[in-house]
Structures are given as C-alpha cells and as structure tokens.
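Sequence order for the protein chains is H and F. So in the numbering used here, spot 60 of the first sequence is number 60, and the numbers just go up one at a time. Take the position in the second sequence, starting the count at 1, then add 146; the result is the number in the numbering used here. C-beta atoms are modelled at their ideal positions from N, C-alpha and C, and glycine is treated no differently. If you're wondering where the values come from, they're calculated on a predicted model, not measured in any experiment. Notes follow once the structure below has been shown.
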Amino acid sequence: MKQILNMITATISLNKDHMPVQRDQDVVPFRNRVKEYATKIRMGLVNQTKLQTAASELVRNMLRYGGGGEILIEVVSRGRDNGIRLTFSDKGPGIADIAMAMKDGYSTGKSLGLGLPGTKRLVNEFDIKSELGKGTKVVILKWANG
Amino acid sequence: MDRIPILKMGQFLLVTIQVDLYDRLALDLEADLVRMVSKTGAKGILIDISAVSIVDSFMGRIIGNIGVMSKLLDAETVVVGMQPAVAITLVELGLPLKGVYTALNVEKGMDLLKLKIQVTDEDETDPEYDHSDDISE
Ligand SMILES: Nc1ncnc2c1ncn2[C@@H]1O[C@H](COP(=O)(O)OP(=O)(O)OP(=O)(O)O)[C@@H](O)[C@H]1O
Ligand SMILES: [Mg+2]
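Encoded structure:
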C-alpha cells in the first residue's frame, strides 16, 4: 500500500472513471475507453499501443484468475507530463507467490506466463498487491511522453 | 453471430482482420481456419493484420496456434501488415510469434507463401494454380 500511496502523492488525478469488468465482452469497450483518454492527453501511438496491450493483459488476468473485478481509469499529471493510471482490483483468490508470478514463463493457467512480466516492461510504473483469499490489485501508469 | 470471413484464392486462404478481435471471434477464426485447411487442402494461410491496433498475448497465442496447426496439415502461415507500434510492443512484451512467417504487405506475403510452397513440394501440381507469376530466383 505504501508504494501505491507514494505514486499518488507524486501525481495529481485530473479525472476518474470506474468500469466493472465481468465478461469477455467487456474487454473491447474497456480498451476503447483507455484509448479515448490516451488520445485526449495526446499520448504517442507507440505508448498508446503499449498501454493498451498492458491493459489488455491485466484485464484478461482479472477475468481469468480473479473472476472479474473493477478498473479505475485516471488521467494524472506530474509537472508538465500527463499520464494514464489504471487500477485493476478483483476479489479473487489472490496470488500466493508474487515474485514467482512476475517471472517470464510462469503460469498456473497453462499459458505463456507473459502477462505480468510483459506488462511491467510496457509501462512506466507497475505495482502489484495481493492477499490470499482477498484479491489482487495491480496499478500501472504510462506517461504520455514517457 | 458474426465471424471473420475467410476467402479462398487458389491454394491459399486469405483472412483480413478488420476489427479488434474479442476472444470468441478469435477462437472461432482459429477453428474455422483449421477446418478450412483440412477441407480444401489449402497450402497457405495469409492473415492481414494491418487494421489491428493491438496484439496481446491472447491474440498472439491464437496466431501461433493457427501457424502450428496449419503446419500439421501441411500448410504455411504468413502474417502480413503488422503495424510498427504493434511490432515494438510485441518485442517488449516478450511474445514470440512462433510457427508463422511475417511479411510487410499482402503482396510480399503472397510471394513468400508461393516460395515456401515451391520449396516444400515442387513436384505437386494444382490445375487451379497459375504458375505464370511465380518468382524464379
Ligand atoms: N488477478 C489475478 N488473480 C489471481 N491470480 C493471478 C491474477 N493475475 C495473475 N495471476 C497468477 O499469476 C500467473 C502469471 O500471470 P501472467 O499474466 O504473467 O501469465 P498467464 O496469465 O498465466 O499467461 P499469459 O498472460 O501469458 O497468457 C497466472 O498464471 C496466475 O496464476
Ligand atoms: Mg495473463
């Protein structure tokens, strides 16, 4: 929690939007919403693509392992730069070993195990908190010119 | 329910992805393509993703699966038109597009497919196939 708070104090939130995500079909509208905001703050195309891909990975994890959840979309500002912060919260089973889950190739879902470590590489800030039996919260931030 | 159309052109199957795929659509496409390859004996699949703005690990896996499965049925897969931003993102994500070839555009993709097919089975002839525009290098 402390790390997330630090991230918040360094930035100012300009705009907030909540989106519940419970089904596969919610993914594309969510991605479009992220795109809208990213375009609004004039995020470059490559950064937008990275952010959207990262968002897509996390929303998939939330649906697949967390049983769905809620996403907070925020436009944030620090100095002259604007950015998008996304917070993915679910009330699923949580992750037993976060260090393991962050490794390339680790998957309990017979998948590639790229989502979490790949997402971290695609964004400027990445934070993950999880409690067994309580849920998982992942926060990512991408600056428009970062 | 909507589906991605698959065009048959000689010994090739052509797919143009125009919309951001949601999962069901992508899974259906994978199944449809594999079914079509085995039904028609197509030798190559060309997937045009020039209109696709993001490829995440799920989409990447579907494309990889199409490549692997078509290979088992003796067909090659070429993905064409990947946007540069998508390519950069895929590298950073760490997603290997295994089992598929890539080309810049449909034309180059076609050339590549023809080349691959020539190399793998030179002795087969297909009456539907026009050899006049083969690349002879
Ligand atoms: N929201 C979540 N709730 C519970 N467990 C999770 C959650 N997100 C990820 N995990 C766990 O972390 C592991 C690694 O996640 P990651 O996204 O890196 O890989 P993956 O989803 O298994 O494969 P890929 O994303 O490549 O398809 C998952 O297999 C799962 O066990
Ligand atoms: Mg994942």
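Mind checking if residue i is an interface residue toward chain H, Cβ cutoff 8 angstroms exclusive?
i, result
"Ser203(F)", "yes"
"Leu153(F)", "no"
"Ala231(F)", "yes"
"Leu239(F)", "yes"
"Asp169(F)", "yes"
"Thr235(F)", "yes"
"Ile208(F)", "no"
"Asp166(F)", "yes"
How far does the beta strand (DSSP E) with residue i in it reach, from first residue to last?
i, result
"Thr136(H)", "135-143"
"Pro20(H)", "12-21"
"Leu72(H)", "69-78"
"Thr87(H)", "81-90"
Roughly how many whole angstroms lie between the Cα atoms of residue i and residue j?
i, j, result
"Lys72(H)", "Ser203(F)", "In the sequence as presented, Lys is not what sits at residue 72(H); that position holds Leu. Roughly 22 angstroms separates the two Cα atoms."
"Ile152(F)", "Thr248(F)", "19 angstroms"
"Pro117(H)", "Asp104(H)", "6 angstroms"
"Met100(H)", "Tyr106(H)", "7 angstroms"
"Lys254(F)", "Gly135(H)", "48 angstroms"
"Val123(H)", "Ala221(F)", "37 angstroms"
"Thr9(H)", "Glu125(H)", "Low local confidence applies: a pLDDT of 48 at Thr9(H) is under 50, so the model's placement there is unreliable, and no value is given."
"Ile208(F)", "Asp26(H)", "20 angstroms"
"Asp166(F)", "Val28(H)", "7 angstroms"
"Gln52(H)", "Lys189(F)", "34 angstroms"
"Ile98(H)", "Ile12(H)", "28 angstroms"
"Glu176(F)", "Asn211(F)", "8 angstroms"
Could you spell out the range, first to last residue, of the alpha helix (DSSP H) harbouring residue i?
i, result
"Gly206(F)", "203-218"
"Ala55(H)", "45-64"
"Ile98(H)", "98-101"
Measure how close the beta-carbons of residue i and residue j come, nearest whole angstrom, since I'm counting them as under 8 angstroms.
i, j, result
"Leu192(F)", "Val232(F)", "That pair is no contact at about 17 angstroms."
Does any CB atom of chain F fall closer than 8 angstroms to the CB of residue i?
i, result
"Lys137(H)", "no"
"Thr53(H)", "yes"
"Gln25(H)", "yes"
"Arg121(H)", "yes"
"Ser107(H)", "no"
Exercise for review: With a cut-off of 5 angstroms, give the chain-ordered residues whose Cβ is closer than this to any heavy atom of ligand 2.
Suggested key: This selection yields Asn61(H), Gly115(H).
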